[in-house]
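Chains as they are written, first to last, in this note's numbering: chain A, 3 to 397; chain B, 9 to 297.
We treat Cβ as the ideally placed atom computed from N, Cα and C, and that holds for glycine.
Since the model is a prediction, treat every value here as computed from it, not as a measurement.
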Amino acid sequence: MKKPELLAPAGDPERCRTAILYGADAVYLGGRRFSLRSRASNFTLQDIREACAFAREHSAAIHVTINVIPHEQDFEGLEDYLKELRDAGVRAVIVASPAIMALAKKTVPELEVHCSTQLSITNAAAADFLQKRAGIDRVVLARECSLDDVRRITASCSVDTEAFIHGGMCVNWSGRCTLSNRMTLRDANRGGCAQSCRWRYHLYRGEEDTGMMTMGSKDLCAVHEIAALMEAGVSSFKIEGRMKTEYYVASIVSAYRHLIDEIAEKGRLSEERMRWHTEQIMKGENREVCSGFYRGTAGRDSLILRRDQDDRLNHRYLGKVESVRSGRAVLVTRNPFSIGDRAEVMSPGMPVHSFIIEEMKDEEGNYLERSRTPMRRIEIPVPFEVQPGDMMRRE
Amino acid sequence: MISGSASTGIWAMNNTEKERIAVLAGSPADPEGLYAAGCDEVILAYDGLSLAAVRKAQQILHGTGWMLNAVFFEDEKGQVQKVLAQLQAGTGSIYFSDPALCAWADEYGMTDRLVYRPDTLAVSAPDLLWWMKQGIRSVCVSPLLTLEEILAIGDACPDCEVTVHGHLPMSFSRRPLLSSFGAQKGRFDYTLQEETRQEHYPAYEDERGTLIYTDYVQCSFTEILQMREHGIHRFFIDGSFLGEEELMDAVRGYRTVLDGADPRKVEEEYRKKYRSVLSSGYYREKTIE
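Structural data, given as structure tokens:
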């Protein structure tokens, strides 16, 4: 069974380091130009150089998105940018435009070119065509592919395949939606998507209003497909979410890291172990999830039907350990917690340990029954070793 | 340039030496009237292999073009190749959006009949020229561009094709979005209205998924002449959600404008006759990042 690359998103340098420390083999990120997710806090060239250096120290790699559907002006400065990325030590660029693919292969042949999911590739012939004519090294498959599609494409394709395993899903074919353009003049294919699909619509038949509908998609969670995707020989498992929080990145990356490693070691896991891994993943998730198209066409049960299903807050994250002194951790808080709550600590490369919070003090040394306010420093005794940077969450 | 319905010979009367108007027919029954109205090539949506909110055909008509613009899955390869083999004898254009079709058409020596129509993805001259270098017939410019951007593309790539008229596709989904809320597949009378807006967006669902179109009809009676000045000579009219007569009048209107009629008068007459909301789309409205 092939052990795939675990590819994580990062919206800023801190999340990039977190993803690598919690087990990502590679991180994809966007520069200040040429990248979708324009509202994600994207990386300067210096940030990218530092990310590459950090990745090298941890035997990981950096992929950079150049995945806008480029207008004329988007080509200005692109050659120089590609050379800067190569010099910084980037391994791959993720590209949606055939002209940019060809340009990258000509200008910086040392860089791998990965065909973005924006091109909606669902068959091996399309990937082979782009390999022959534009020189791609890998194809990121469309999220509309079933498990069987992924198997067949991976088996016959001339390039490596990459498949999404977790995170947001467009309800429409990637790159083929202009709802946002029409309704808000924000170009979805250049990072401006207003997520108009998640709004509510009256469905009319002729003059008759037949009721309300919505098109927002639940997020993808392919936990139960991981073993099959590994057996299929997929080269890279991608987690979506460059706009997600550091806690999300740590939780999701760490959970999939453990799952992939355990499957690689033992093969298919028992129902009990799968239940445990699913619970770990869901501790980092704050949206409804579904299996996408992996088990066939995603239907009504893949849609967010109620307003309160969308973006529910996840109150599980208690805070990040800032310092440790004599068995007491100083936590920068995020969500409320009380004496008697059971907490667990996520530490890079370590199994999760849990404990009961038996005491807490604020910065003035006052003993507290409950921490209510975010971004305060709270001192907590922890009965095992913890490190600065570890994350604490409700069990 | 020779095209049209061999059964009627009507096409032969059209002056198509330069500008060329292709029309996605609302129904397979339309072609002869469309040729008579001034269309150079009628495009039919191939049943099961196209993304278009029009009635689809399977019977091969010599001379017509075909819309095979679906995204194809592994298990559809054989079916698509079979259709390409059937179309091999014709001369009509084959519109596609999946790069696989380019590879498959090459096996049948049909690359020069292909027109790349990815709706949103062709927005720059470098990308259009890359596709043209693959030996295909044309590339459809995304309707998301401003007129200025389209004209610049025309200067660099005059063999591009511009959609000048019709409801524009806004989104394609593989999901059954309408039937998930009780609608029936295959009907053309559904619209969506966002709860805080007035506009009604025509929507259509079939076995391939769901399409949503603009509330307005893109209209370019004036702009088509500017496009011609910049070398663009291929124009496309999308008949989705347009009535048969309205589509004929649109074709006739563009043909007469290209032949010298006053575009403002043609547009005024069209506006008077039809209640469609006409719009210049994104020609003068630049989207932001």
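Beta-carbon proximity of residue i to residue j, cut-off 8 Å
i: D151 (chain A); j: F80 (chain B); result: no
i: Y250 (chain A); j: G243 (chain A); result: yes
i: Y43 (chain B); j: V91 (chain B); result: no
i: R28 (chain B); j: G301 (chain A); result: no
i: C199 (chain A); j: N183 (chain A); result: no
i: W139 (chain B); j: V147 (chain B); result: yes
i: G1 (chain A); j: L305 (chain A); result: What the structure shows of chain A is the stretch from 3 to 397, and residue 1 (chain A) is not part of that stretch, so it cannot be assessed.
i: T6 (chain A); j: S237 (chain A); result: Note on residue identity: the sequence assigns Pro, not Thr, to residue 6 (chain A). Contact flag set, yes.
i: G100 (chain B); j: E169 (chain B); result: no
i: L136 (chain B); j: Q234 (chain B); result: no
i: I96 (chain A); j: V29 (chain A); result: no
i: R270 (chain A); j: D343 (chain A); result: no
i: W74 (chain B); j: A127 (chain A); result: no
Contact with chain B by residue i, beta-carbon distance below 8 Å
i: H226 (chain A); result: no
i: T212 (chain A); result: yes
i: H204 (chain A); result: yes
i: R34 (chain A); result: no
i: E81 (chain A); result: no
i: R154 (chain A); result: yes
i: L132 (chain A); result: yes
i: A234 (chain A); result: no
i: M217 (chain A); result: yes
i: C292 (chain A); result: no
i: S304 (chain A); result: yes
i: I71 (chain A); result: yes
i: L370 (chain A); result: no
i: C18 (chain A); result: no
i: T180 (chain A); result: yes
i: D27 (chain A); result: no
i: R200 (chain A); result: no
i: V173 (chain A); result: yes
Residue i at chain A interface by Cβ criterion, 8 Å
i: T230 (chain B); result: no
i: Y116 (chain B); result: no
i: P134 (chain B); result: yes
i: S179 (chain B); result: yes
i: V149 (chain B); result: no
i: F243 (chain B); result: no
i: Q226 (chain B); result: no
i: G143 (chain B); result: no
Beta-carbon neighbours of residue i, restricted to chain A and to distances below 8 Å
i: R292 (chain B); result: Residues of chain A passing the Cβ test: none, with the nearest at roughly 12 Å.
Environment of residue i [buried if 16+ CB atoms lie within 10 Å]
i: L254 (chain A); result: According to the sequence provided, residue 254 (chain A) is Ile. The question's Leu does not apply to it. Buried, since its Cβ has 16 or more Cβ neighbours within 10 Å.
i: T46 (chain A); result: exposed
i: H173 (chain B); result: buried
i: Y369 (chain A); result: exposed
i: P166 (chain B); result: exposed
i: R308 (chain A); result: exposed
i: Y116 (chain B); result: exposed
i: I241 (chain A); result: buried
i: K85 (chain A); result: exposed
i: Q96 (chain B); result: exposed
Chain-ordered chain B contacts of residue i [CB-CB under 7 Å]
i: N183 (chain A); result: L152, T295
i: S122 (chain A); result: V79
i: L47 (chain A); result: What L47 (chain A) touches in chain B: nothing, since even the nearest Cβ is about 19 Å away.
i: A104 (chain A); result: W138
Span separating the alpha-carbon of residue i from that of residue j
i: G286 (chain A); j: N316 (chain A); result: 8 Å
i: T180 (chain A); j: L153 (chain B); result: 12 Å
i: A57 (chain A); j: G137 (chain A); result: 26 Å
i: Q389 (chain A); j: G56 (chain B); result: 58 Å
i: E157 (chain B); j: R88 (chain A); result: 31 Å
i: G98 (chain B); j: S160 (chain A); result: 32 Å
i: Q75 (chain A); j: R327 (chain A); result: 54 Å
i: D303 (chain A); j: G169 (chain A); result: 16 Å
i: E209 (chain A); j: N125 (chain A); result: 41 Å
Proximal chain E residues relative to residue i, where beta-carbon distance stays under 9 Å
i: A196 (chain A); result: Absent from the structure: chain E. Protein chains present are A and B.
Beta-carbon neighbours of residue i, restricted to chain A and to distances below 7 Å
i: L122 (chain B); result: Chain A residues near L122 (chain B): none, gap ~12 Å exceeds 7 Å.
i: Y198 (chain B); result: L205, Y206, R207
Chain B contact residues for residue i, given Cβ-Cβ distances below 8 Å
i: A1 (chain A); result: Since the displayed chain A opens at 3 and closes at 397, residue 1 (chain A) lies outside it and no answer follows.
i: P111 (chain A); result: The premise fails here: P111 (chain A) is roughly 18 Å from chain B at the closest Cβ pair, so nothing lies under 8 Å.
i: A101 (chain A); result: S132, P134, D135, L137, W138
i: R135 (chain A); result: Q142
Proximal chain A residues relative to residue i, where beta-carbon distance stays under 9 Å
i: K85 (chain B); result: N125, A126, A127
i: G56 (chain B); result: Chain A residues near G56 (chain B): none, gap ~15 Å exceeds 9 Å.
Under 9 Å by beta carbon: chain B residues contacting residue i
i: D151 (chain A); result: F81, E82, D83
Closer than 7 Å: residue i CB and nearest the ligand COA heavy atom
i: G91 (chain A); result: As far as ligands go, the structure on display features none, and thus does not contain the ligand COA.
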